[in-house]
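Residue numbers (mature numbering (1 follows the signal peptide of the UniProt record, and there is no 0)): -27 to -1, 1 to 143. The beta-carbon is built from N, C-alpha and C at its ideal position, and this holds for glycine as well. This one's a predicted model, so the numbers in the text were calculated from it and none came from an experiment.
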């Protein structure tokens, strides 16, 4: 059984070594000429290229749409006039009637002469007494110092595992 595990480990080592060599070969660019690798550094601008000196104009390839055809509008309405109204004749008759003279308005009743009452007697004098009571606040208690509570118990450093339910035998 132990020989099978060793055989698997050897194969794993070979696989890891082959993967590393493949990655090294894929990443090795030493066979490329350096001029191709450093060609984009010649202008000195990186990716920030200067504006082109030739004006860049895009010629329109399409023409604007033709103007729409005129739409038919009905003629404006012409006002129609009504015939003048027929002439009417008016006759006025006047009748005069006499009205009797108006009756005079009744005279108002005479207002009575005002009568005055004597002033009311003065109110009796009132005496007010005010009593003020002052109280002093209770003295503030003297602060007392309480010691800090003891720290909670800490577990021992290291890992703590529960006892296995079944005894492990190797």
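Close Cβ partners of residue i (< 7 Å) along its chain, the five nearest in sequence each way excluded
i: residue 126; result: none
i: residue 131; result: none
Same chain, Cβ closer than 6 Å to residue i, neighbours up to 5 away in sequence not counted
i: residue -5; result: none
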